[in-house]
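So in the numbering used here, the last one in the sequence shown is 241, and the numbering has no gaps at all.
Where is the CB? At the ideal position from N, CA and C, for every residue including glycine.
Have a look at the structure below before the remarks.
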Amino acid sequence: MTVTRMRRAERREQILDAATRAFARAGYTATSLDDVAGEAEITRVILYRHFESKADMYRAVLDRACVRLADTVGTGEFDENALPALLRAASADPDGFRLLFRYAAREPEFRDLTDALTAGSGEIARQNLARRIPPGPWLEWAADLIPTVIIEAVMSWLDAGQPDPEQAADRIGRLVEGVLQSALPS
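Okay, structure coming up:
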């Protein structure tokens with residue numbers, strides 16, 4: 056195997072890209088450092104120059120996916136741009152998106168990250184929904200359900216091959232509107 060010399064930051068990004076692909080293919084537990092090294096076409100020694108452990112590498116992959124998501128989607132207001140932005144983020148990094156919202160939630164060691172994402176999404180939803188739904192159990196229900204519906208809809212969209220990307224946000228928006236209507240007083 057020939058190893059190309061790269062600057063440290065470039066090599067780290069190459070490793071994170073390879074680790075994202077490898078972890079998304081087999082999950083954290085089933086992916087070895089040899090799998091990541093093979094995917095990156097480097098040696099394990101080079102991996103250890105950048106990461107102390109497999110857990111350290113996985114955390115870096117998840118953190119990078121979170122930063123990319125926040126950079127694309129934002130962290131506050133939910134408006135008409137939020138769903139298209141979320142779809143762009145998922146489309147640009149489908150493996151990272153899957154790791155964040157499907158795989159990391161199954162790994163107790165990394166559950167804190169997904170729990171923080173869930174709590175943050177619920178709070179944003181609660182703040183935005185409070186303008187339309189009166190305080191009470193239906194507001195809480197909708198604030199918990201809408202982020203879940205959105206994430207699952209985006210995951211299913213990715214799994215289906217990203218059909219009709221120009222219409223996907225509208226279709227998911229109709230799901231959200233259905234939940235919202237269900238939470239409004241009769």
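Rounded to whole angstroms, how far is the Cβ of residue i from the Cβ of residue j, which I believe are closer than 8 Å?
{"i": "E164", "j": "A81", "result": "That belief does not hold up - the Cβ atoms of E164 and A81 are roughly 16 Å apart, past 8 Å."}
{"i": "A208", "j": "F133", "result": "With a Cβ gap of about 15 Å, A208 and F133 do not count as contacting."}
{"i": "A27", "j": "V91", "result": "With the chain covering only 56 through 241, there is no way to say anything about residue 27."}
{"i": "Y113", "j": "F78", "result": "6 Å"}
{"i": "A85", "j": "Q69", "result": "Not quite, the Cβ-Cβ distance comes to about 22 Å (not below 8 Å), so this is no contact."}
{"i": "I205", "j": "I227", "result": "6 Å"}
{"i": "L200", "j": "L168", "result": "Wrong, their Cβ atoms sit about 21 Å apart, outside the cutoff."}
{"i": "A144", "j": "V128", "result": "6 Å"}
{"i": "A160", "j": "R166", "result": "6 Å"}
{"i": "R62", "j": "H105", "result": "With 8 Å as the limit, R62 and H105 do not qualify as a contact, their Cβ atoms being about 12 Å apart."}
Secondary structure at residue i, three-state DSSP: helix, strand or coil?
{"i": "R226", "result": "helix"}
{"i": "F152", "result": "helix"}
{"i": "G191", "result": "coil"}
{"i": "E232", "result": "helix"}
{"i": "P218", "result": "coil"}
{"i": "D134", "result": "coil"}
{"i": "P202", "result": "helix"}
{"i": "E162", "result": "coil"}
{"i": "S211", "result": "helix"}
{"i": "L88", "result": "helix"}
{"i": "L239", "result": "coil"}
CB-CB under 6 Å to residue i, same chain, minus the five flanking residues each way: which ones, in chain order?
{"i": "A325", "result": "Outside the modelled stretch of the chain, which goes from 56 to 241, sits residue 325, for which no answer is possible."}
{"i": "L142", "result": "A223 and A224"}
{"i": "G151", "result": "T75 and A120"}
{"i": "P149", "result": "L213"}
Starting from residue i, follow the alpha helix (DSSP H) in both directions and report where the run begins and ends.
{"i": "T98", "result": "Careful: T98 lies outside any alpha helix (DSSP H) and carries neither H nor E."}
{"i": "S176", "result": "R166 to L184"}
{"i": "G82", "result": "R63 to A85"}
{"i": "R119", "result": "K109 to V128"}
Measuring only from the beta carbon, is residue i closer than 7 Å to any heavy atom that is part of the ligand MN?
{"i": "A81", "result": "Looking at this structure, you won't find the ligand MN or any other ligand, since it has none at all."}
What residues in its chain sit with their C-beta under 8 Å from that of residue i, if we drop five residues either side in the sequence?
{"i": "P218", "result": "W212"}
{"i": "L194", "result": "R181, L184, A185, I188 and A238"}
{"i": "L155", "result": "L117, A120, C121, L124, L168, T169 and L172"}
{"i": "A137", "result": "V128 and G129"}
Which residues in the same chain as residue i place their Cβ atom closer than 7 Å to its Cβ, once the five residues preceding and following it in sequence are excluded?
{"i": "R157", "result": "M210"}
{"i": "A215", "result": "none"}
{"i": "T260", "result": "The requested residue 260 is not part of the displayed model; the chain covers only 56 to 241."}
{"i": "L71", "result": "A115, V116 and R119"}
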